[in-house]
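Line by line, the protein sequences are chains A and B.
Mind the numbering: the first sequence is residues 53 to 251 in our numbering, read in order.
Mind the numbering: the second sequence is residues 53 to 251 in our numbering, read in order.
For glycine and all other residues, C-beta sits at the position ideal for the given N, C-alpha and C.
Note that the structure is predicted; figures quoted are calculated from it, not measured.
Number of protein chains: 2
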Amino acid sequence: MAMPRTGRRPGAGPTRSKILSAARTHFARVGFDAGTIRGIAAEAAVDPSLVLHYFGSKDGVFRAAVDFPLDPAQFVPQLLAPGLDGLGERLVHFFVETWDSPAGRPLLALIRSVVASADAAALLREFVSREVLGRLASALEVDQPQLRASLAASTLIGAAMLRYVIELEPLASASPDELAVWLGPTVQRYLTAHDLTAG
Amino acid sequence: MAMPRTGRRPGAGPTRSKILSAARTHFARVGFDAGTIRGIAAEAAVDPSLVLHYFGSKDGVFRAAVDFPLDPAQFVPQLLAPGLDGLGERLVHFFVETWDSPAGRPLLALIRSVVASADAAALLREFVSREVLGRLASALEVDQPQLRASLAASTLIGAAMLRYVIELEPLASASPDELAVWLGPTVQRYLTAHDLTAG
């Protein structure tokens with residue numbers, strides 16, 4: 053099914069939605085590595101060329117399926133560029149500012165779907181592991197990089213749950229700067245401390 | 053409506069459920085302090101004496117409405133009893149062990165309802181503020197006790213999200229001891245550090 057050339061973004065139609073839904077099921081079931089364009093196409097009962105037409109690559113359809121509002125290939129290197137010093141504060145500040153901005157609105161929807169559905173949870177787990185934590189971990193020259201990145205992620209998710217979902221004060225009304233000051237040293241310790249067990 | 057004396061716990065019936073549902077709406081709307089037995093009874097269209105019959109007090113119906121699987125009046129003093137030293141690790145260990153146990157099963161349901169419903173979020177916020185963080189904060193002889201307790205809560209909720217909802221490794225399979233070692237120093241810093249902004 054070719055899209056009529058009306059100037060609409062390719063893929064606002066029902067075929068694109070059907071492929072995305074199939075991709076969510078497929079990746080949740082088999083994971084990213086074992087996932088294939090062919091498998092998604094079969095699940096959606098469309099030709100594989102249509103999947104490529106709409107999303108370009110397996111990576112592309114995976115990112116679209118997760119609907120993560122930011123591109124980790126951009127923001128992770130940006131946060132790392134100034135060096136490890138102050139990385140914790142930068143990470144918290146960036147995360148809170150993004151979430152507070154219009155770009156953050158899909159994040160709440162993402163949390164809702166992850167909590168409601170094991171498939172969505174598997175998809176986000178795969179995405180965050182590969183795209184965010186993987187990048188972060190490979191840039192850190194420390195032991196246990198995956199553990200460290202996961203602990204940093206737990207800090208950010210916990211803050212988001214209290215600030216945006218439960219809306220607990222004083223976290224709900226605090227500024228990004230305040231949150232960066234409170235939580236930054238924690239993230240910094242997780243990512244860079246020589247001994248993770250020391251306070 | 054009197055319960056027949058069948059040996060069942062009082063309140064397995066529809067009237068109890070109706071009151072609980074009314075209490076959730078009522079407390080979510082007006083908060084605990086402004087909430088009244090009379091208001092709950094009106095919302096449920098029952099006599100106020102029935103609310104007391106089933107739940108004993110405003111506190112009782114509030115706790116039942118939140119359906120928190122543990123009694124903070126018990127566990128908070130127990131955790132504090134050995135002193136502030138090591139409190140962070142004890143708190144994390146207790147939280148993870150509880151969540152891993154059968155008593156923890158309702159916690160996942162609680163997270164689901166909180167993420168799905170603003171009323172449930174308001175109820176949990178009120179409960180955690182008053183019953184858990186309030187107790188903890190008043191036992192800590194530090195500045196900004198509410199902030200400190202909230203930050204500690206964010207650590208625990210973030211860990212729970214990754215371990216139980218998103219099931220991200222290595223946090224998902226780590227032992228309570230390991231989690232206590234990794235996260236304990238963070239919680240300890242939040243609760244007791246002289247300067248919250250230092251790592």
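For residue i, go through chain B and note every residue whose CB falls closer than 7 Å to its CB, in chain order.
i	result
A/Leu248	Trp234
A/Leu199	Pro222
A/Thr150	Residues of chain B passing the Cβ test: none, with the nearest at roughly 17 Å.
Give the secondary structure of residue i by DSSP, where H, G and I count as helix, E and B as strand, and everything else as coil.
i	result
A/Pro129	helix
B/Asp99	coil
B/Glu221	coil
A/Val194	coil
B/Gly91	helix
A/His246	coil
B/Ser227	coil
B/Pro121	coil
B/Asp152	helix
B/Leu176	helix
B/Pro134	coil
B/Ser69	helix
A/Gly108	coil
B/Ser169	coil
B/Arg57	Only weak support exists for where B/Arg57 lies, its pLDDT of 41 falling under 50; the value from the coordinates is given anyway. Note: B/Arg57 maps to coil in three-state DSSP.
B/Gly251	With a pLDDT of only 48 at B/Gly251, under 50, the local geometry of the prediction cannot be trusted, and no value is derived from it.
A/Pro62	Here A/Pro62 scores only 49 on pLDDT, less than 50, and its place in the model is too uncertain to base an answer on.
Counting only Cβ pairs nearer than 8 Å, list the residues of chain A close to residue i.
i	result
B/Ala211	Ser206, Gly210
So which residues of chain A does residue i contact, with C-beta pairs closer than 7 Å?
i	result
B/Glu219	Ala173, Arg177
B/Thr77	Result: empty, since nearest Cβ-Cβ is about 18 Å, beyond 7 Å.
Residue i: which of the options sits nearest, CA to CA?
i	options	result
B/Leu220	A/Gln240, A/Asp137, A/Val166, A/Ala245	A/Val166
B/Val128	B/Ala116, B/Leu143, B/Pro121	B/Leu143
A/Pro154	A/Ala212, A/Asp229, A/Pro121, A/Ala245	A/Pro121
B/Val233	B/Arg177, B/Ala245, B/Ala211, B/Ala116	B/Ala211
B/Thr244	B/Ile209, B/Gly135, B/Leu208	B/Gly135
A/Ala133	A/Ala161, A/Ala94, A/Leu185, A/Ala191	A/Ala191
A/Glu149	A/Glu183, A/Ala96, A/Pro228	A/Pro228
A/Ser69	A/Ser206, A/Ala93, A/Ala204	A/Ala93
B/Trp151	B/Pro66, B/Leu214, B/Pro222, B/Gly91	B/Leu214
A/Phe146	A/Arg241, A/Leu235, A/Asp247, A/His246	A/Leu235
A/Arg115	A/Glu141, A/Gly138, A/Leu72	A/Leu72
B/Pro222	A/Pro66, A/Gly112, A/Leu185	A/Leu185
A/Asp171	A/Phe84, A/Arg241, A/Gly65	A/Phe84
A/Pro124	A/Arg241, A/Glu183, A/Ile218, A/Ile209	A/Glu183
A/Tyr216	B/Gly138, B/Ser169, B/Pro237, B/Val217	B/Ser169
A/Pro197	A/Ala174, A/Ala74, A/Arg90, A/Asp247	A/Asp247
B/Ala75	B/Asp195, B/Gln240, B/Leu175	B/Leu175
A/Gly112	A/Leu231, A/Gln130, A/Ile89	A/Ile89
B/Pro237	B/Thr67, B/Val103, B/Asp137	B/Asp137
A/Arg157	A/Leu131, A/Gly87, A/Asp119	A/Asp119
B/Gln240	B/Asp195, B/Gly140, B/Gln130	B/Gly140
For residue i, go through chain B and note every residue whose CB falls closer than 9 Å to its CB, in chain order.
i	result
A/Ala168	Arg164, Val167, Ala168
In chain B, which residues lie less than 8 Å from residue i when you measure between Cβ atoms?
i	result
A/Ser202	Leu214, Leu220, Glu221, Pro222, Leu223
A/Thr88	None at all; the shortest Cβ gap to chain B is about 24 Å.
At a CB-CB cut-off below 9 Å, which residues of chain A make contact with residue i?
i	result
B/Ser73	By Cβ distance, chain A contributes nothing, its closest Cβ being about 21 Å from B/Ser73, past 9 Å.
B/Thr67	The contacting residues do not exist; B/Thr67 stays about 30 Å from chain A at best.
Which residues in chain D have a C-beta closer than 9 Å to the C-beta of residue i? List them in chain order.
i	result
A/Ser181	Given the protein chain composition of this structure (A and B), no chain D is represented.
For this session: Take every Cβ of the stretch 78–91 of chain A, pair it with every Cβ of the stretch 177–186 of chain A, and state whether three or more of those distances are shorter than 8 Å.
Result: yes
For this session: Evaluate contact between the stretch 157–174 of chain A and the stretch 96–115 of chain A, counting only Cβ atoms and requiring at least three cross-stretch pairs below 8 Å.
Result: no
For this session: May I ask you to verify whether the stretch 104–124 of chain B touches the stretch 200–209 of chain B, counting CB pairs closer than 8 Å and requiring at least 3?
Result: no
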